[in-house]
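When you line the sequence shown up against the working numbering, it's residues 20 to 580, in that order.
Reviewing the structure listed below.
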Amino acid sequence: MAKNQQITVQQAINSGALRQKNIVIKQTQDKHIQVKSGEAYQIIFQQDNKVLNADFDVVAKKVGDDLTLSLDNSTTVIFDNYFSNCTNLNCVVSLPAAGGLYHIINNQSKVLADGTEVVYVYGDKAALQAMASGESALSQFLDQLHDSADTPWSLSTMGTGALGVLALAGGGGGGGGGESLVKFIINGGVSAGQVVKGHDLKLTAYDKNGDVLDADVTIEDDGSFSIEIKKDYTGYILLRITDGTKKDYIDEGTGEEKDLTTELRVIVKSDGKSNITAMVNPLTEIIVRKTLDGKTKLVDVDDIKTDLATANTAVGKAFNAEGVDISSTKPAVVNADSYDSSASAGAKVLGYALAGISGMETKDRNGNATKTTQTVLTNLATKIDDNGVLDEETKGDFLAGLNQAKSKNTDNMSGTNLDDYIAQYEINITDIEISDDTTYGSSNTNSDFITKTKTQTITATLKKALSGEKLWGSVDSGVTWEDITNKVSNLDISWDKDLKEGDYIIQFSVTADTVGVGDVADNTKGAISQQSYTLDTIAPGKVSIDKVTGNNKLIENNGNN
């Protein structure tokens with residue numbers, strides 16, 4: 020089906036005179052845009068898992084001073100006061116057209132029989148007619164269009180007057196416009212809770228050397244953003260959210276509007292040509308902190324690929340979001356106006372995790388607490404080890420935060436999925452210790468779980484007595500399990516076991532007494548209690564200085580001297 024467009028190119032504009040701003044619209048979304056002088060707006064339409072920025076169906080109308088765009092039967096974009104604020108080409112909206120993108124001129128429209136003022140139409144004729152359902156005058160107007168595969172349509176040929184558009188200088192009227200300057204686009208969103216209208220969040224993109232790729236990127240009132248990268252660049256990119264003094268989001272743990280008091284960041288990687296989806300939230304900030312480990316520039320990380328992968332895996336495991344791409348999956352934020360109850364399981368898990376983190380600012384395992392976002396994130400980044408294990412105290416704090424957020428968001432934090440998620444943090448076993456916790460070059464300690472002693476007595480404490488249940492233990496990170504129910508006396512666990520050489524996790528699990536050894540992980544009651552450890556029984560080689568000679572050689576000594 021040929022596309023129909025109603026245009027008369029009336030005037031060109033230098034693409035460098037206005038700042039390009041992408042507006043990301045999702046299907047079924049209604050969105051208001053407050054236009055600003057000096058900006059050229061381009062729609063990026065996310066429809067049926069496709070991202071469209073130069074070829075989608077559109078009917079544009081003038082409604083009062085507003086420019087209203089219908090993109091399909093259920094998606095509308097309204098540029099508030101466009102026809103009163105965007106005068107003299109000081110701001111424009113671009114729409115798809117055959118051979119390129121065009122910008123709507125302020126004072127052109129076609130008045131239909133019912134008073135509807137049509138500014139522009141483009142697209143598949145059947146799709147346009149579907150958008151006109153229930154609007155007889157618009158439907159009749161669209162019926163007058165005839166298909167033309169090779170030439171633009173002009174209403175002036177019908178004696179009805181021309182609909183005006185503005186061609187973007189540099190090729191916009193003849194095939195592509197200024198978009199050829201864009202190498203790739205980063206689309207995404209920020210979430211620390213529901214973002215509020217009138218916030219002052221700002222986004223900056225940095226390359227691996229810490230140089231700015233784009234600064235002061237606008238974040239919309241729904242938290243979405245879009246960044247056009249116009250320079251050749253491949254590699255890792257750091258996105259950083261900062262703010263001023265205004266209220267920025269609604270806290271899931273209190274229901275109150277709050278000012279963001281710490282930076283939020285995410286690390287993504289570009290191949291130099293493909294568009295990127297990037298989410299920025301407290302979870303991605305924890306990943307960045309673990310990856311950078313105190314450094315400020317990506318280039319300063321010795322092995323960023325490995326360190327980033329380790330941090331992603333660890334944070335995903337700690338918050339029971341294994342297999343979810345945290346940096347690109349939009350969380351189902353539990354207090355969002357547009358909360359999607361049909362969101363994917365991964366999106367919901369991320370939403371629960373973010374809610375629990377917010378709740379930790381108000382509640383911890385000891386009851387009421389008052390902590391800053393910075394304090395909570397610093398503690399989590401420190402306490403999550405590279406195996407994704409949270410220590411008992413932090414797990415208890417997070418559980419308290421989850422329940423606090425649940426009390427404030429009962430509509431979207433309920434049901435079996437949430438109950439199962441919360442249960443994974445309910446601790447059955449505490450105080451895991453090993454009998455001989457030795458370290459090289461220091462006195463014995465029972466705090467770091469680094470040892471050179473293989474045979475250990477592992478002790479722990481049950482919070483309540485077993486009742487028709489089994490206790491299982493593992494020293495190889497859950498690869499194999501052993502029924503150790505007979506190692507329990509009242510609430511005390513004492514298990515003699517050889518540890519595994521290297522870095523592993525001691526784990527305990529409580530299950531029903533009918534569960535077999537192959538089904539432990541999937542049938543655990545509450546959380547699997549965990550403690551990372553390192554067993555190193557191999558003494559390191561020593562380096563000594565041999566008899567001083569002319570060449571001052573260093574000689575490796577294998578420990579025989």
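All residues carry an ideal CB built from backbone N, CA and C; glycine is no exception.
- Message: If contact is defined by three or more beta carbon pairs under 8 Å, each pair taking one atom from either stretch, is the region 289-302 in contact with the region 244-253?
- Response: Three or more beta-carbon pairs separated by less than 8 Å link the region 244-253 to the region 289-302, which places the two stretches in contact.
- With a threshold of 16 other CB atoms inside 10 Å of the CB of His51, please say whether the residue is buried or exposed. exposed
- In chain order, what residues of the same chain have a beta carbon less than 8 Å from the beta carbon of Ser155, not counting five sequence neighbours either side? Asp133
- Query: Which one or two residues does DSSP pair with Asn387 in a beta bridge?
  - Reply: Lys382
- Message: To the nearest angstrom, how far is the alpha carbon of Gly194 from that of Pro115?
- Response: Its pLDDT being 34, under 50, Gly194 is placed unreliably in this model, and the value from its coordinates should be taken loosely. Their Cα atoms are separated by approximately 11 Å.
- Item | Beta bridge counterpart(s) of Val395 as assigned by DSSP | DSSP, once it has assigned bridges, lists no residue as partnering Val395.
- How far does the alpha helix (DSSP H) with Gln159 in it reach, from first residue to last? Counting along the chain, the unbroken alpha helix (DSSP H) around Gln159 starts and ends at Ser155 to Asp162.
- Do you know offhand how far Ile204's Cα is from Tyr444's? 38 Å
- Query: Would the beta-carbon of Leu161 fall within 9 Å of that of Thr135?
  - Reply: No Cβ-Cβ contact shorter than 9 Å links Leu161 with Thr135.
- Query: Taking Cβ positions, are Ser245 and Ile403 nearer each other than 9 Å?
  - Reply: no
- Expressed to the nearest angstrom, what Euclidean distance is found between the alpha-carbon atoms of Asn463 and Asp410? Unreliable placement is indicated for Asn463, whose pLDDT of 48 sits below 50; the coordinate value is still reported in the next sentence. Approximately 21 Å between the Cα atoms of the pair.
- Message: Applying the 10 Å Cβ sphere with the 16-neighbour rule, what's the burial state of Arg38?
- Response: exposed
- Query: Can you give the beta carbon distance from Cys110 to Lys55, rounded, assuming they're within the 8 Å contact cut?
  - Reply: 6 Å
- Say whether the region 476-495 touches the region 429-449, bearing in mind that this needs 3 or more beta-carbon pairs closer than 8 Å, one atom from each stretch. yes
- Message: Tell me the DSSP secondary structure of Lys482 in three-state form.
- Response: coil
- What is the rounded straight-line gap between the Cα of Thr303 and the Cα of Val285? 5 Å
- With distances taken between CB atoms, is the gap from Leu257 to Lys227 smaller than 9 Å? Yes, the pair counts as a contact, with Cβ atoms nearer than the cut-off.
- With 16 other CB atoms within 10 Å as the buried threshold, where does Thr533 fall? exposed
- Message: Using the three-state DSSP reduction, which class does Trp172 fall into: helix, strand or coil?
- Response: Confidence at Trp172 is low in this model, with a pLDDT of 34, below 50, so its placement is unreliable and no value can be given for it.
- Of all the options Val494, Val529, Asp538 and Val498, which has the alpha carbon lying nearest to the alpha carbon of Gly487? Val529
- Message: For Gly208 and Asn385, I'd like the C-alpha separation in whole angstroms.
- Response: 34 Å
- Which residues in the same chain as Leu396 place their Cβ atom closer than 8 Å to its Cβ, once the five residues preceding and following it in sequence are excluded? Thr281, Pro301, Glu304, Ile305, Arg308 and Ile376
- Query: Would you report the Cα separation of Tyr459 and Lys221, rounded to the nearest angstrom?
  - Reply: Since pLDDT at Tyr459 reaches only 48, below the 50 mark, its modelled position is unreliable, and no value is offered.
- Message: I need the boundaries of the beta strand (DSSP E) containing Ile42, first residue and last residue.
- Response: Arg38 to Lys45
- Query: What is the rounded straight-line gap between the Cα of Leu131 and the Cα of Leu71?
  - Reply: Straight-line Cα distance between these residues: approximately 29 Å.
- To the nearest angstrom, how far is it from the Cα of Ala145 to the Cα of Ser426? Roughly 49 Å separates the two Cα atoms.
- Task: Grab me the residues of Ala540's own chain with a C-beta within less than 7 Å of its C-beta, minus the 5 sequence neighbours each way, in chain order.
- Result: Gly497
- Query: Are the beta-carbon atoms belonging to Gly335 and Lys266 less than 9 Å from one another?
  - Reply: no
- Residue range of the beta strand (DSSP E) that Ser210 falls in? Looking at the DSSP string, Ser210 is not in any beta strand (DSSP E), and its letter there is neither H nor E.
- Reducing DSSP to helix, strand and coil, say where Gln549 ends up. strand
- Item | Element boundaries [beta strand (DSSP E), containing Thr429] | No beta strand (DSSP E) contains Thr429, which DSSP labels as neither H nor E.
- Query: Relative to the alpha-carbon of Asp102, which residue among Asp91, Ser128 and Asp430 has its alpha-carbon at the smallest distance?
  - Reply: Looking at the sequence provided, one finds Phe at residue 102 rather than Asp. Phe102 has its Cα closest to that of Ser128, out of Asp91, Ser128 and Asp430.
- Item | Option in Gln61, Asn41, Glu58 and Gln65 with minimal Cα separation from Gln48 | That would be Gln65, whose Cα lies nearest to the Cα of Gln48.
- Message: If I follow the unbroken beta strand (DSSP E) through Tyr101, where does it start and stop?
- Response: From DSSP, Tyr101 is part of no beta strand (DSSP E) but of the alpha helix (DSSP H) over Tyr101 to Asn104.
- Use the C-beta contact count for Lys324: other C-beta atoms within 10 angstroms, 16 or more gives buried, fewer gives exposed. Answer is exposed; the Cβ neighbour count stays below 16.
- Message: Tell me which residue opens and which closes the alpha helix (DSSP H) that Ile323 is part of.
- Response: Ile323 to Ala337
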